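Undergrad:
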Amino acid sequence: MKKKQFVSLILCLLSQVSFAQFENGSLESKNVLIVYGGWKGHQPKVFADKIGSWLEQQNANVTLSSSTAIYLDEKIMSNTDLIIQHITMSTIKAEESKALQKVVSRGVGLAGCHGGLGDAFRDDTEYQYMIGGQFVKHPGGQLDYTVNMTTTENVITKGIKDFSLHSEQYYLHIDPAINVLATTVFNGDNDSWIEGIKMPVVWTKIYGKGRVFYSSLGHSADVFEIPEVWQLMTRGVAWATKSKIQ
Ligand SMILES: [Zn+2]
2 MKKKQFVSLI LCLLSQVSFA QFENGSLESK NVLIVYGGWK GHQPKVFADK
52 IGSWLEQQNA NVTLSSSTAI YLDEKIMSNT DLIIQHITMS TIKAEESKAL
102 QKVVSRGVGL AGCHGGLGDA FRDDTEYQYM IGGQFVKHPG GQLDYTVNMT
152 TTENVITKGI KDFSLHSEQY YLHIDPAINV LATTVFNGDN DSWIEGIKMP
202 VVWTKIYGKG RVFYSSLGHS ADVFEIPEVW QLMTRGVAWA TKSKIQ
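In this text, residue positions in the sequence shown follow my numbering: the first is 2, and each later residue adds one.
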């Protein structure tokens, strides 16, 4: 084997090792707070239990809460590496929202999906400023659509191919500061004036020193049975947990 080929082989193996560690070991001993609630149609407890049991399989320490009042608990918040929130609509007290924004800006990760992160607290614009987008409509309700990866080089999307699903296709008001990892295109069947519009589906964002991950996929539990959807979600969670930028 020539020297150049040998070096390429070693580099290739090293990249696979570090990627495997990212997938399998990065959540060990991390403290994850899952806060759920809001509109029951999105089955917040079902999602919280599903992601919670997956995190426990990764040897993370999981705390579940059904109240945003936990954001005011300084002891818990100071020991938290990542917050996963799944609260559709509902409301949050101003001091709770401020406490959440404070810890994320100081480096606690924040992750979530669908309405649980992207349609929470509709009257709280500072919260929306942190998330990077706000749901406004899913034209046509449940329909068939495709999710297109914008990059396969990112640790979250690596190796994932474009895929199709039958669910709500979220139309969101978007913050230009987000890093878009996947998109979908509206065909205009329901609202003709949005034909061809490319909409972010999965993104990351930096808020202060914190990492924010969002996926608009996840209307119902069956959506997470699609391997690509679950892979994007869990990789996004692992990415956001590596917050606290040095
Ligand atoms: Zn929904």
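The beta carbon of each residue, even a glycine, is placed where N, CA and C say it ideally should be. This structure is a prediction, so every number in the text was calculated from the model and none was measured.
Leaving out the 5 sequence neighbours to the left and right, which residues in its chain are closer than 6 Å to L34 when beta-carbon positions are compared?
TA: In the sequence shown, residue 34 corresponds to position 33, counting from 1. Correct list, in chain order: T64, T81, I84.
Undergrad: Below 8 Å, can you find three or more Cβ-Cβ pairs linking the region 215–231 to the region 42–61?
TA: A contact exists between the region 215–231 and the region 42–61.
Undergrad: Assuming A239 and L28 are in contact, meaning their beta carbons sit under 8 Å apart, how far apart are those beta carbons, in whole angstroms?
TA: Here residue 239 is taken as the residue at index 238 of the sequence shown, counted from 1. Here residue 28 is taken as the residue at index 27 of the sequence shown, counted from 1. Yes, they are in contact, since the Cβ atoms of A239 and L28 sit about 6 Å apart, within 8 Å.
Undergrad: Could you tell me whether any Cβ in chain D is nearer than 7 Å to the Cβ of Y128?
TA: The chain inventory of the structure shown lacks chain D, comprising one protein chain alone.
Undergrad: Starting from E29, follow the beta strand (DSSP E) in both directions and report where the run begins and ends.
TA: Start at 1 with the first residue of the sequence shown, and residue 29 comes out as number 28. Segment: none, E29 is in no beta strand (DSSP E) and carries neither H nor E.
Undergrad: So which of Y172, G209, F187, V148 has the shortest CA-CA distance to A178?
TA: Residue mapping note: residue 178 aligns to position 177 of the sequence shown, counting from 1. Selected option, being the one with the closest Cα: G209.
Undergrad: At a threshold of 6 Å, does H220 count as lining ligand 1 (C-beta to nearest heavy atom)?
TA: The residue labelled residue 220 in the question sits at position 219 within the sequence shown. Under cutoff, so the answer is yes.
Undergrad: Does DSSP classify Q256 as helix, strand or coil?
TA: Coverage of the chain is limited to positions 2 through 247, which leaves residue 256 absent and any answer about it impossible.
Undergrad: Measuring CB to CB, does V213 end up less than 7 Å from Y172?
TA: Translated into positions along the sequence shown, residue 213 becomes position 212. Translated into positions along the sequence shown, residue 172 becomes position 171. The answer is no: Cβ separation not under 7 Å.
Undergrad: Who pairs with R212 in a beta bridge, going by DSSP?
TA: Translated into the one-based positions of the sequence shown, residue 212 becomes position 211. According to DSSP, R212 bridges with I207.
Undergrad: Around the C-beta of K76, are 16 or more other C-beta atoms found within 10 angstroms, so that it is buried, or is it exposed?
TA: The residue you call residue 76 lines up with position 75 of the sequence shown. The residue in question, K76, is exposed, as its Cβ has fewer than 16 Cβ neighbours within 10 Å.
Undergrad: Quick test of the definition: if touching needs 3 or more C-beta pairs under 8 Å, does the region 159–169 touch the region 138–151?
TA: The region 159–169 vs the region 138–151: in contact.
Undergrad: Is the beta carbon of G237 closer than 7 Å to that of A61?
TA: As a working mapping, residue 61 is identified with position 60 in the sequence shown. As a working mapping, residue 237 is identified with position 236 in the sequence shown. No. Outside cutoff.
Undergrad: Is V18 buried or exposed, if buried means 16 or more other CB atoms sit within 10 Å of its CB?
TA: The sequence position of residue 18 within the sequence shown is 17, counting from 1. In this prediction, V18 has a pLDDT of 44, which is less than 50 and means its spatial position is unreliable; what the coordinates show is noted afterwards. Per the 10 Å Cβ criterion, exposed.
Undergrad: Short check: CB of L182 to CB of V156, under 7 Å?
TA: Along the sequence shown, one-based indexing puts residue 182 at 181. Along the sequence shown, one-based indexing puts residue 156 at 155. Taking 7 Å as the Cβ cut-off, L182 and V156 do not qualify as a contacting pair.
Undergrad: Once DSSP output is grouped into helix, strand and coil, what is the label at K76?
TA: In the sequence shown, residue 76 corresponds to position 75, counting from 1. The answer is helix: DSSP assigns K76 an H, G or I state.
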